[in-house]
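Just so we're aligned: 511 in UniProt numbering is position 511 of the sequence shown, and the numbers increase by one with no gaps anywhere.
Positions of the beta carbon are idealized from the N, C-alpha and C atoms, including for glycine.
For reference, the structure is listed below as structure tokens.
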Amino acid sequence: MAGLIKREDVEAVRERARIEEIVSAHVTLKPAGVGSLKGLCPFHDERSPSFHVRPGVGRWHCFGCGEGGDVISFVQKIDGMGFTDAVEYLADRAGVQLRYEDSRTGAAADRGPREEPGKRQRLIEAHKVAAEFYAEQLFGPGAQAGRAFLAERSFDRADAEHFGVGYAPTGWDALLRHLQGRGFTQPELVASGLVSQGQRGIYDRFRGRLVWPIRDVTGAVIGFGARRLYDEDQGPKYLNTPETSLYKKSQVLYGIDLAKRSIAQGKRVVIVEGYTDVMAAHLSGVDTAVATCGTAFGADHAKVVRRLLGDTTAGGGLQLASGASLGGEVIFTFDGDAAGQKAAVRAFGEDQRFHAQTFVAVEPGGLDPCELRLARGPEAVRALVDGRQPLFEFVIRTTLDTFDLDTVEGRVGALRAAAPLVAGIRDRSMQLGYARSLARWIGIDTEDVRREVARAASTPSRGARTDQRRDARPEPEAATATPVLAAPDPRDPVARLERQALVVVLQYPQHVPDAFDELGEDAFGVPAWRAVHDAVRAAGGAAAGRDVGGGRWVEAVVEQAPETVAPLVTELAVAPVPEDREEVIGAYVADVVRALVDLGLTRRIADAKSRLQRLDQEKDPAAFQQAFTDLLAIEQQRRALRDGG
Numbered sequence: 001m002a003g004l005i006k007r008e009d010v011e012a013v014r015e016r017a018r019i020e021e022i023v024s025a026h027v028t029l030k031p032a033g034v035g036s037l038k039g040l041c042p043f044h045d046e047r048s049p050s051f052h053v054r055p056g057v058g059r060w061h062c063f064g065c066g067e068g069g070d071v072i073s074f075v076q077k078i079d080g081m082g083f084t085d086a087v088e089y090l091a092d093r094a095g096v097q098l099r100y101e102d103s104r105t106g107a108a109a110d111r112g113p114r115e116e117p118g119k120r121q122r123l124i125e126a127h128k129v130a131a132e133f134y135a136e137q138l139f140g141p142g143a144q145a146g147r148a149f150l151a152e153r154s155f156d157r158a159d160a161e162h163f164g165v166g167y168a169p170t171g172w173d174a175l176l177r178h179l180q181g182r183g184f185t186q187p188e189l190v191a192s193g194l195v196s197q198g199q200r201g202i203y204d205r206f207r208g209r210l211v212w213p214i215r216d217v218t219g220a221v222i223g224f225g226a227r228r229l230y231d232e233d234q235g236p237k238y239l240n241t242p243e244t245s246l247y248k249k250s251q252v253l254y255g256i257d258l259a260k261r262s263i264a265q266g267k268r269v270v271i272v273e274g275y276t277d278v279m280a281a282h283l284s285g286v287d288t289a290v291a292t293c294g295t296a297f298g299a300d301h302a303k304v305v306r307r308l309l310g311d312t313t314a315g316g317g318l319q320l321a322s323g324a325s326l327g328g329e330v331i332f333t334f335d336g337d338a339a340g341q342k343a344a345v346r347a348f349g350e351d352q353r354f355h356a357q358t359f360v361a362v363e364p365g366g367l368d369p370c371e372l373r374l375a376r377g378p379e380a381v382r383a384l385v386d387g388r389q390p391l392f393e394f395v396i397r398t399t400l401d402t403f404d405l406d407t408v409e410g411r412v413g414a415l416r417a418a419a420p421l422v423a424g425i426r427d428r429s430m431q432l433g434y435a436r437s438l439a440r441w442i443g444i445d446t447e448d449v450r451r452e453v454a455r456a457a458s459t460p461s462r463g464a465r466t467d468q469r470r471d472a473r474p475e476p477e478a479a480t481a482t483p484v485l486a487a488p489d490p491r492d493p494v495a496r497l498e499r500q501a502l503v504v505v506l507q508y509p510q511h512v513p514d515a516f517d518e519l520g521e522d523a524f525g526v527p528a529w530r531a532v533h534d535a536v537r538a539a540g541g542a543a544a545g546r547d548v549g550g551g552r553w554v555e556a557v558v559e560q561a562p563e564t565v566a567p568l569v570t571e572l573a574v575a576p577v578p579e580d581r582e583e584v585i586g587a588y589v590a591d592v593v594r595a596l597v598d599l600g601l602t603r604r605i606a607d608a609k610s611r612l613q614r615l616d617q618e619k620d621p622a623a624f625q626q627a628f629t630d631l632l633a634i635e636q637q638r639r640a641l642r643d644g645g
């Protein structure tokens with residue numbers, strides 16, 4: 001009986017298994033100084049990266065939760081392995097031949113990596129052999145139905161081989177006999193989920209079906225999804241591997257092994273609904289597509305996606321002239337029918353687990369990506385994804401579509417139905433923005449919408465989030481009073497950009513472009529920063545700051561600020577600035593202000609387009625033409641800003 005792995009072999013595994021490669025299969029790592037990498041910790045839910053890896057010494061540590069260790073302990077913790085299983089897994093990857101000391105004599109015994117591996121590695125090896133078996137069967141004489149299924153969806157042999165698609169023979173024990181012939185025991189096969197246990201013994205779980213291997217981020221097969229092919233098959237249309245020590249359906253995403261690098265590089269993930277949709281998307285050039293396996297997209301899936309995105313910010317689309325991009329994109333594709341709309345509403349709840357922007361891509365005719373590729377070609381699939389719509393907007397507009405907005409009753413009903421959705425948006429800046437949009441879409445006063453959203457936020461059904469918002473909402477009778485200032489969310493990129501713009505205006509007014517003083521009173525979305533901006537404007541703007549400078553300038557702003565705002569002015573006036581080198585501070589300040597002005601112009605363009613859409617060109621051509629002219633003027637301003645930046 002083999003005993004402990006020899007110490008020198010364990011040390012060889014630690015030396016030869018590159019920790020950055022192992023960790024990168026689970027976490028998107030970025031440079032964090034000389035010889036150091038960092039990313040989001042996979043062991044606790046965090047928003048800012050505190051998980052560090054130092055390849056030179058082969059160690060990792062999270063400064064958030066305190067976990068740490070070497071490459072072996074990382075595998076143990078991330079995959080739930082015991083020490084021996086983790087060493088064997090890494091040894092197999094690194095090509096280290098392990099030797100074991102006999103537990104009775106202490107003598108070392110040579111052992112190949114698969115002679116008596118740990119349980120997990122045995123299960124992974126069984127799945128690997130099963131995947132190879134199924135793939136071979138697909139091109140045998142008995143798999144005509146499987147090949148026809150693929151051909152009808154425009155998948156050829158090369159496509160099947162790329163995704164590892166296979167065929168499970170109709171017999172009861174074809175895979176069972178094959179695996180037993182390769183040395184796997186019945187208990188191992190039952191534990192793997194590849195076979196089922198009945199009163200008469202064990203038999204193949206998948207029979208007469210097309211099968212897709214489901215892999216983890218490392219590329220190891222951990223389960224299968226199987227599609228019914230024959231009418232006499234009374235089982236479900238899709239049958240997946242049951243829950244095993246390897247396969248947890250709430251955590252696995254089909255296609256993640258093929259998509260992970262593109263997701264990390266492009267900061268975009270596309271969530272589709274089925275195996276053939278993943279195939280169609282990838283073959284159409286959307287190589288960031290993944291799918292859940294027999295369950296709705298949930299919290300554990302979100303964690304996997306966030307780690308691959310390196311998701312550390314609250315939004316995408318904001319970009320400084322220096323090229324620093326903030327955030328990424330999560331795009332859900334749903335059918336255009338009622339079921340697809342319900343799925344979008346479910347995703348609405350998961351959206352706020354992301355700091356990336358979340359979108360919905362819906363094909364109006366109800367076609368899924370596989371059907372779309374077949375009907376209109378790969379370009380249509382790419383166009384579907386590129387034509388994505390913000391998830392919040394999709395859910396709210398879908399709700400509004402059920403009401404007649406031409407009647408008072410319809411508008412009131414729409415407001416009451418949509419207000420809880422807006423109240424459910426945790427990001428206060430986004431909530432305020434969608435409240436304004438909701439007012440436009442329905443055609444009622446913005447303050448009426450804000451009051452209804454505040455009322456919805458205070459209802460008991462909103463749970464723990466209610467108390468968080470209660471202090472921030474204005475009371476209906478005090479709508480015109482000075483708003484209570486809530487602490488801005490530091491993770492919100494809009495709030496951060498607005499804050500940094502005020503920091504540079506207070507500290508470096510001499511470098512602030514004139515465009516800042518041309519901003520209107522609604523340029524800042526965060527109430528706290530809007531109040532500070534009001535004080536800056538009242539003090540004469542950045543131009544006045546250039547004249548008086550230093551502490552006198554800050555004092556002038558403080559004097560113009562209400563009592564509740566003055567402390568914020570002081571805080572911003574002493575806040576650290578990311579770039580403080582004298583030779584580049586001017587460019588940095590101009591960069592920040594241009595980004596803020598660009599954001600404001602983008603908002604105005606969106607508002608102008610919305611107004612234009614609501615106007616009837618035939619009934620009121622003058623108003624329509626004026627709105628169109630206004631839109632062109634704002635777009636020209638933004639082009640000039642960007643061309644000059």
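For residue i, which of helix, strand or coil comes out of DSSP?
i, result
"Gln76", "helix"
"Arg594", "helix"
"Asp467", "Any reading at Asp467 is ruled out, since the residue's pLDDT is 35, under 50, leaving its predicted position unreliable."
"Ile19", "helix"
"Arg382", "helix"
"Cys62", "strand"
"Pro236", "coil"
"Gly223", "strand"
"Glu101", "strand"
"Arg114", "Residue confidence is low: Arg114 scores 40 on pLDDT, short of 50, so the model does not pin down where it sits. Its coordinate-derived value is still stated next. If DSSP states are grouped into helix, strand and coil, Arg114 belongs with coil."
"Pro578", "coil"
"Ile124", "helix"
"Gly410", "helix"
"Pro42", "coil"
"Gly298", "coil"
"Gly68", "strand"
With DSSP as the reference, please indicate the residues paired to residue i in a beta bridge.
i, result
"Asp204", "Val195"
"Ile271", "Val290 and Phe332"
"Ala168", "Arg209"
"Gln254", "Checking the sequence, you will find Tyr at residue 254 rather than Gln. DSSP, once it has assigned bridges, lists Ala291 as partnering Tyr254."
"Val360", "Phe332 and Gln389"
"Arg228", "Arg209"
"residue 646", "No information on residue 646 is available, as it lies outside the stretch 1 to 645 that the chain covers here."
"Val53", "Leu37 and Trp60"
"Pro31", "Leu37"
"Ile5", "Tyr100"
According to the neighbour-count rule (16 or more other Cβ atoms, all chains shown, within 10 Å of its Cβ), is residue i buried or exposed?
i, result
"Val13", "buried"
"Gln97", "exposed"
"Asp160", "First, the amino acid is wrong: residue 160 is Ala here, not Asp. The residue is buried, with at least 16 neighbouring Cβ atoms inside 10 Å."
"Val592", "buried"
"Lys237", "exposed"
"His178", "buried"
"His52", "buried"
"Leu632", "exposed"
"Ser48", "exposed"
Less than 9 Å between the beta carbons of residue i and residue j, yes or no?
i, j, result
"Phe155", "Leu283", "yes"
"Ile271", "Tyr247", "no"
"Val305", "Thr333", "no"
"Val532", "Ala575", "no"
"Leu194", "His301", "no"
"Gly294", "Arg209", "no"
"Pro369", "Val381", "yes"
"Leu308", "Ala264", "yes"
"His269", "Val330", "Per the sequence presented here, residue 269 reads as Val, with His not at that position. Yes, the Cβ-Cβ distance between Val269 and Val330 is below 9 Å."
"Arg7", "Val71", "no"
Beta carbon of residue i: closer than 8 Å to some heavy atom of the ligand ADP?
i, result
"Gly181", "This structure lacks the ligand ADP; in fact it carries no ligand of any kind."
| the region 274-288 touching the region 154-166, judged by at least three CB pairs closer than 8 Å | yes
| query | Does the region 495-504 come close enough to the region 523-530 to have 3 or more Cβ pairs within less than 8 Å? | reply | Cβ pair count under 8 Å is three or more, so yes.
| Three-pair Cβ contact test at 8 Å for the region 217-231 versus the region 179-187 | no
| Quick check: the region 617-633 against the region 535-549, are there 3 or more CB pairs under 8 Å? | Three or more beta-carbon pairs separated by less than 8 Å are not found between the region 617-633 and the region 535-549, which leaves the two stretches without contact.
| task | Report yes or no: do three or more beta-carbon pairs, one from the region 556-564 and one from the region 625-643, lie closer than 8 Å? | result | no
| task | Mind the definition here: the region 423-439 touches the region 450-459 only if three or more C-beta pairs lie below 8 Å; say whether that holds. | result | yes
| query | If we count Cβ pairs, one from each stretch, closer than 8 Å, do we get three or more for the region 248-255 versus the region 187-203? | reply | no
| task | Check whether the region 594-603 touches the region 501-519, taking contact to mean three or more Cβ pairs, one atom from each stretch, closer than 8 Å. | result | yes
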